[in-house]
Amino acid sequence: MKLLIKILIAIVLGILVGWFAPNWLAAVFNTFNGIFSQFLGFMIPLIIIGFVTPAIADVGSRAGKLLVATAALAYFATFFAGMLSYFTGTLTFPSLIGGEESLAQIESATPIEPYFTVEIPSPLPVMTALVLSFLLGLGIAFLKGDTLRKGFDELRDIVQKAINVAIIPLLPIYIFGIFLNMTVEGQVMTILKTFAKIIVVIFLLHILILVIQYCVAACFNGKNPFAMLKNMLPAYFTALGTQSSAATIPVTLKQTINMGVDKDVAGFVIPLCATIHMSGSALKITACALALLIMHGQPYEIGMFIHFVAMLGITMVAAPGIPGGAIMAALGPLGTILGFDEQMLALMIALYIAMDSFGTACNVTGDGALAVILNRFFGKKRAT
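For the sequence shown, this note's numbering begins at -14 and goes up steadily by one.
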């Protein structure tokens, strides 16, 4: 919540200062943002390797049919949420964004140039880092060795420290600089008006996703889906307040068992899904990314988004270990698949963190629905 407050203050200050700031001040912050963006790009492959590799090794070590079924169901739910968000967005966003007039206002802005730039090449391409993480993670799980596992655990701690010390504290300054520059360039009001409408659509989509998930779950235990949703409200509001899937696990677990799910099934599925089930996050990231592409007049073909959402479901395995969560893990696919530039990535970070609690609440509440479905096949006592 402290980070969210800082981000919101940075957005407001960036807009207020931008109304009267001279171009030289905007150029100073644009220079900082350019360097910070390069460092962020450098860190993305390290974030993927440092977080995805130990996560895959941990998941892979718990081999079994329930693991495979849980991982497959969680991935399908995440992919479905992302694609539902895409199709809803393609139908509604063009009219909400305002078409040619909004696009013309954005394109007519005169960019503020930085005083200088610093190139920090990425150590690995994003896809190379992702494939390498899976190969190493599965290899560690298969060989059951401790040497590499400890090494990657230490790498995860190093990356976590770099994020906590270097990235998270500087994020508000980065966001301040982005909104300062957008205000000086004359884009900010168009973008804010647009995303006020988009946020309403995203919230309604969160509710729709949960209703769909519990209607499907009701087919497997015969209970009223809305009664089950009501039962999961404590988990929803706990996640809304903590913005953490991990912190909500005890509440989610208790409410899931209350729905008749076997304790052993719930005890396995709920902690695992807190790591790998990201329906709310995928929905939110896809919607915001689509809106930005439409706003900037860039292509958003279905094939490109199928590729993006498919990769998003994999990279977000790293999300629970990173402050700022899924959006940090999603920066790679946003840049490599959708072609996002520095300003668009910064907007994604700001928008995601501003709505982070709703995505987390959707994720953990949906975990209960997945547990109900899996209990039908793996539970010792079947919900009746």
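Positions of the beta carbon are idealized from the N, C-alpha and C atoms, including for glycine.
Please read these numbers as outputs of a predicted model, since none were measured by experiment.
Cα-Cα separation, residue i to residue j
i, j, result
"Met340", "Ile97", "28 angstroms"
"Cys204", "Arg361", "10 angstroms"
"Ile0", "Lys50", "53 angstroms"
"Gly130", "Pro154", "36 angstroms"
"Gly324", "Gly3", "27 angstroms"
"Gln90", "Met213", "Its pLDDT being 49, under 50, Gln90 is placed unreliably in this model, and the coordinates cannot settle the point."
"Gly306", "Ala314", "Low per-residue confidence applies at Gly306: pLDDT is 47, beneath 50, and the placement is therefore not dependable, though the value from the model is reported in the following sentence. Their backbone Cα atoms lie some 10 angstroms apart in a straight line."
"Asp249", "Ser342", "28 angstroms"
"Leu133", "Gln328", "37 angstroms"
"Val246", "Gly364", "7 angstroms"
"Val185", "Asn206", "32 angstroms"
"Ser22", "Ala202", "43 angstroms"
8 angstroms Cβ cutoff met for residue i and residue j
i, j, result
"Cys347", "Thr55", "no"
"Leu156", "Ile(-6)", "no"
"Gly124", "Leu275", "no"
"Leu115", "Val169", "no"
"Ala267", "Leu316", "no"
"Phe101", "Pro39", "no"
"Asn216", "Met244", "yes"
"Ala311", "Tyr159", "no"
"Lys182", "Leu69", "no"
"Ile287", "Tyr337", "no"
"Leu58", "Ile358", "yes"
"Ser230", "Thr345", "yes"
"His292", "Ile261", "no"
"Gly122", "Ile41", "yes"
"Pro30", "Pro108", "yes"
"Ala220", "Thr233", "yes"
"Ile279", "Pro79", "yes"
"Leu218", "Gly351", "no"
Presumed contact (8 angstroms Cβ cut-off) between residue i and residue j, rounded CB distance
i, j, result
"Met289", "Met263", "Going by Cβ atoms, the distance from Met289 to Met263 rounds to 20 angstroms, so no, they are not a contact pair."
"Ile33", "Ser118", "6 angstroms"
"Ala356", "Tyr199", "Not confirmed; about 11 angstroms, so no contact."
"Ile(-4)", "Ala335", "6 angstroms"
"Gly35", "Leu128", "With 8 angstroms as the limit, Gly35 and Leu128 do not qualify as a contact, their Cβ atoms being about 20 angstroms apart."
| If you pair each beta-carbon of the region 145 to 159 with each one of the region 48 to 68, do three or more pairs fall below 8 angstroms? | no
| task | Taking 8 angstroms as the threshold, find out whether the region 12 to 26 comes into contact with the region 163 to 172 through three or more Cβ pairs. | result | yes
| Counting pairs of Cβ atoms below 8 angstroms between the region 180 to 199 and the region 21 to 29, do you hit three or more? | Touching, no.
| request: Report yes or no: do the region 237 to 253 and the region 206 to 226 share at least 3 C-beta pairs separated by less than 8 angstroms? | output: yes
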